[in-house]
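For the record, the sequence lines run as chains B and P.
Per the numbering used here, the first sequence starts with residue 184, numbered consecutively.
Per the numbering used here, the second sequence starts with residue 184, numbered consecutively.
In this text, a Cβ means the ideal position worked out from N, Cα and C, and glycines have one as well.
Shown next, in structure tokens, is the structure this report addresses.
There are 2 protein chains.
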Amino acid sequence: MPAQQTASDATLQTRVLAQIRADIVACALLPNQRLTLETLRERYGAGFSPIREALMQLAAEGLVQLEQNKGFRVAGVSRESLYDLMQARIEIDGIALRWSIDNGGVDWEADLIAAFHRLSRHSKLRRSRPGKLSGEWAKEHRAFHHALVAACNSPTILAIRENLFDKAERYVALSILSKSPPRNDVAEHEQIMEAALARNVGRAIAASREHIQRTADKVAKSLENHFEFSKLPGSSVTARESRISLAG
Amino acid sequence: MPAQQTASDATLQTRVLAQIRADIVACALLPNQRLTLETLRERYGAGFSPIREALMQLAAEGLVQLEQNKGFRVAGVSRESLYDLMQARIEIDGIALRWSIDNGGVDWEADLIAAFHRLSRHSKLRRSRPGKLSGEWAKEHRAFHHALVAACNSPTILAIRENLFDKAERYVALSILSKSPPRNDVAEHEQIMEAALARNVGRAIAASREHIQRTADKVAKSLENHFEFSKLPGSSVTARESRISLAG
DNA sequence: GGTCAACGGATTTTCGAAAATCGTCTTGCG
DNA sequence: CGCAAGACGATTTTCGAAAATCCGTTGACC
Numbered sequence: 184m185p186a187q188q189t190a191s192d193a194t195l196q197t198r199v200l201a202q203i204r205a206d207i208v209a210c211a212l213l214p215n216q217r218l219t220l221e222t223l224r225e226r227y228g229a230g231f232s233p234i235r236e237a238l239m240q241l242a243a244e245g246l247v248q249l250e251q252n253k254g255f256r257v258a259g260v261s262r263e264s265l266y267d268l269m270q271a272r273i274e275i276d277g278i279a280l281r282w283s284i285d286n287g288g289v290d291w292e293a294d295l296i297a298a299f300h301r302l303s304r305h306s307k308l309r310r311s312r313p314g315k316l317s318g319e320w321a322k323e324h325r326a327f328h329h330a331l332v333a334a335c336n337s338p339t340i341l342a343i344r345e346n347l348f349d350k351a352e353r354y355v356a357l358s359i360l361s362k363s364p365p366r367n368d369v370a371e372h373e374q375i376m377e378a379a380l381a382r383n384v385g386r387a388i389a390a391s392r393e394h395i396q397r398t399a400d401k402v403a404k405s406l407e408n409h410f411e412f413s414k415l416p417g418s419s420v421t422a423r424e425s426r427i428s429l430a431g
Numbered sequence: 184m185p186a187q188q189t190a191s192d193a194t195l196q197t198r199v200l201a202q203i204r205a206d207i208v209a210c211a212l213l214p215n216q217r218l219t220l221e222t223l224r225e226r227y228g229a230g231f232s233p234i235r236e237a238l239m240q241l242a243a244e245g246l247v248q249l250e251q252n253k254g255f256r257v258a259g260v261s262r263e264s265l266y267d268l269m270q271a272r273i274e275i276d277g278i279a280l281r282w283s284i285d286n287g288g289v290d291w292e293a294d295l296i297a298a299f300h301r302l303s304r305h306s307k308l309r310r311s312r313p314g315k316l317s318g319e320w321a322k323e324h325r326a327f328h329h330a331l332v333a334a335c336n337s338p339t340i341l342a343i344r345e346n347l348f349d350k351a352e353r354y355v356a357l358s359i360l361s362k363s364p365p366r367n368d369v370a371e372h373e374q375i376m377e378a379a380l381a382r383n384v385g386r387a388i389a390a391s392r393e394h395i396q397r398t399a400d401k402v403a404k405s406l407e408n409h410f411e412f413s414k415l416p417g418s419s420v421t422a423r424e425s426r427i428s429l430a431g
């Protein structure tokens with residue numbers, strides 16, 4: 184069993200898709216950055232077909248933009264789309280949370296508590312050491328929010344939620360890249376969890392809304408403070424290509 | 184200006200994508216039908232690449248399913264996924280409607296009224312003549328529902344809504360294919376519109392919920408009455424490949 | 001008779017080259 | 001000098017063939 188890669192299903196296309204998506208979400212590929220096929224071909228070691236197919240799928244998900252005969256770009260960011268995204272997340276997560284509380288059984292409760300425990304531990308580690316563990320933390324954070332809504336029993340809503348979460352995580356990664364320290368939101372997560380476990384739908388949704396709203400405001404603020412995003416590590420992107428416009 | 188095709192943006196991929204999506208939504212390609220690349224190549228007159236790219240995008244949208252090394256199929260249907268879809272539509276359309284009522288101005292009102300007028304006229308034509316105009320009607324029906332939420336001012340929610348609408352329309356097309364006469368729901372649409380124009384959010388959302396719920400029930404019933412779906416016009420699909428299972 | 005491995009056909013997946021397209025620069029003309 | 005037409009370079013888009021994979025089947029061996 185060659186356990187070498189994190190997520191290599193089988194086909195090259197699947198692997199490339201996962202890698203590019205991860206790189207975009209983690210802002211290893213910056214917003215608005217041009218995605219030349221030749222460059223991607225070198226970077227991911229694949230032919231044109233798998234890469235183009237992966238990019239098409241990401242275009243459908245909204246993580247990359249495609250212009251006719253002009254190629255692909257990482258989706259741009261703006262204050263408008265940030266708040267649009269976060270507002271939608273509030274609603275969608277609210278729905279998923281409501282249904283999850285309605286349907287969730289003991290397993291759901293147990294998984295949720297376990298996920299919170301892992302998250303809180305990783306949050307402490309994250310605060311003590313430098314920002315090298317943010318990958319680990321992001322994983323636990325994602326797992327916790329997934330556990331919250333895991334019992335909602337609606338593949339449609341869950342798929343939508345997952346997609347919005349990806350996009351939100353990208354904004355958070357961008358905020359961290361701009362030297363903004365991550366905020367300590369363990370207490371917020373605990374409040375959501377406790378309300379959910381108490382089967383208090385209204386309180387849980389309100390707490391979730393607050394959580395997302397605060398994240399949105401924090402991200403918006405930290406991006407405003409760093410209007411010029413020219414030289415970021417590990418990318419030969421020109422200023423023009425990766426400039427982040429908060430205006431439109 | 185060669186106005187020959189309905190929707191031919193520019194690239195072959197875009198055209199193929201629109202055609203396949205339309206064919207799936209209209210059930211010209213039946214649920215569960217296998218999509219051999221060779222067959223699609225003949226049917227749409229294109230190479231492998233544009234077709235595969237289009238299918239990848241449709242896979243991301245959820246209209247086709249992709250199995251590793253086993254190719255593509257039109258997404259299957261089931262009672263569970265029908266109700267999952269419709270339940271999600273109720274919620275998403277509710278959100279979009281609420282925001283649209285909050286934000287909509289006079290233009291929104293005017294467009295909505297105009298869309299309803301066209302819809303009601305086409306509904307009468309549709310009842311008088313045989314089912315040859317259902318394509319026209321579907322277009323107006325789609326336009327009306329879009330006009331309802333057009334002012335919601337959230338690209339994210341609108342994109343999600345559009346996708347769910349496509350999937351719902353496919354179920355309705357399937358229902359019509361099973362010789363089930365379309366129901367006369369002009370009154371329902373009028374109720375939604377009037378509540379929206381009166382800025383009565385609660386009543387509008389309730390009417391919308393009722394409308395979707397009734398459509399779901401109607402579709403579910405007409406599909407149950409036609410368990411065997413083997414020989415449908417214009418397709419050389421074997422019974423095994425296109426059988427519609429309402430069980431799972 | 002039953003089980004397992006290897007073979008063959010069909011299809012997917014991947015590749016790299018050819019064709020088409022766009023933006024830009026240059027050139028020629030008014 | 002200004003402007004339009006044409007050509008060049010870079011990149012996308014498309015194509016068909018080659019490689020890889022899967023499934024069903026045959027055949028051999030226990």
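In terms of beta-carbon proximity, N215 (chain B) stays away from the interface with chain P, with every pair separated by 8 angstroms or more.
Taking C-beta separations shorter than 7 angstroms and ignoring five residues to either side along the sequence, the partners of Y354 (chain P) in its chain run V260, L265 and V402, following chain order.
DSSP, reduced to helix, strand and coil, places G277 (chain P) within a helical segment of the structure shown. Judged by DSSP in its simplified three-state form, Q251 (chain P) adopts coil rather than helix or strand. Judged by their CB atoms, V199 (chain B) and L218 (chain B) are not nearer to each other than the 8 angstroms cut-off. Comparing alpha carbon positions, the residue from P:A390, P:F231 and P:H328 closest to W291 (chain P) is P:H328. Taking a Cβ-Cβ threshold of 8 angstroms, the residues of chain B close to E244 (chain P) are A243, in chain order. For E319 (chain B) against V208 (chain B), the beta-carbon gap comes to about 15 angstroms, at or over 8 angstroms, which does not count as contact.
8 angstroms or more divides the Cβ of E244 (chain B) from the Cβ of M239 (chain P). Under the 8 angstroms Cβ criterion, the segment 275 to 291 of chain B does not count as touching the segment 363 to 372 of chain B, having fewer than three qualifying pairs. In summary, Q251 (chain P) is exposed, with fewer than 16 beta-carbon neighbours lying within 10 Å of its beta-carbon over all protein chains present. A straight line joining the alpha-carbon of L268 (chain B) with that of S311 (chain P) spans about 45 angstroms.
Close CB contacts of I343 (chain B) within its chain, under the 7 angstroms cut and outside five residues either way in sequence, are with I275 (chain order). Counting C-beta atoms within 10 angstroms of its own C-beta, P214 (chain P) has 16 or more neighbours from the protein chains shown and is therefore classed as buried. For V402 (chain B), the three-state secondary structure derived from DSSP is helix.
The Cβ atoms of S337 (chain B) and A271 (chain P) lie closer than 8 angstroms to each other. Under a criterion of Cβ atoms nearer than 7 angstroms, no residue of chain P is adjacent to A201 (chain B); the nearest Cβ is some 13 angstroms distant. In the DSSP secondary-structure assignment, L218 (chain P) is bridged to P:F255. Pairing A242 (chain B) with D294 (chain B) gives a Cβ-Cβ distance that is not under 8 angstroms. Here the alpha carbon of E393 (chain P) sits roughly 28 angstroms from the alpha carbon of L347 (chain B). For I395 (chain B), no chain P residue has a Cβ inside 7 angstroms of its Cβ, as the nearest lies near 13 angstroms away. Residues of chain B whose Cβ lies closer than 8 angstroms to the Cβ of S337 (chain P) are, in chain order, D267, Q270 and A271. Taking CB atoms only, E274 (chain B) has a neighbour in chain P less than 8 angstroms away. C-alpha of S391 (chain P) to C-alpha of A279 (chain P): approximately 11 angstroms in a straight line. For R235 (chain B), the neighbours in chain P by C-beta distance under 8 angstroms run, in chain order, S232 and E236. Interface residue (Cβ-Cβ distance to chain P less than 8 angstroms): I340 (chain B) is classified as such.
Counting only Cβ-Cβ distances below 8 angstroms, Q240 (chain B) has contacts in chain P at M239, Q240, A242 and A243, in chain order.
Between the C-alpha atoms of I234 (chain P) and L223 (chain P) there is a straight-line separation of about 7 angstroms. Its chain contains D206 and V257 as the residues whose beta carbon lies nearer than 6 angstroms to that of L212 (chain B), once the 5 sequence neighbours on both sides are disregarded; these appear in chain order. Cβ-Cβ distances below 7 angstroms link A298 (chain B) to A326, F327 and A330 in the same chain, with the five nearest sequence neighbours on each side left out; the list follows chain order. Assignment of S261 (chain B) by DSSP, reduced to helix, strand and coil, places it in the coil class.
Among the CB atoms of chain P, one or more fall inside 8 angstroms of the CB of N252 (chain B). With contacts defined as CB atoms closer than 8 angstroms, L357 (chain B) and C210 (chain B) qualify as a contacting pair. With respect to chain P, the C-beta atom of T194 (chain B) has a partner C-beta closer than 8 angstroms. Chain-order list of chain B residues neighbouring I284 (chain P): empty, with the shortest C-beta distance near 15 angstroms, by a criterion of under 7 angstroms. Note on geometry: alpha-carbon atoms of D400 (chain B) and I273 (chain B) lie some 13 angstroms from one another.
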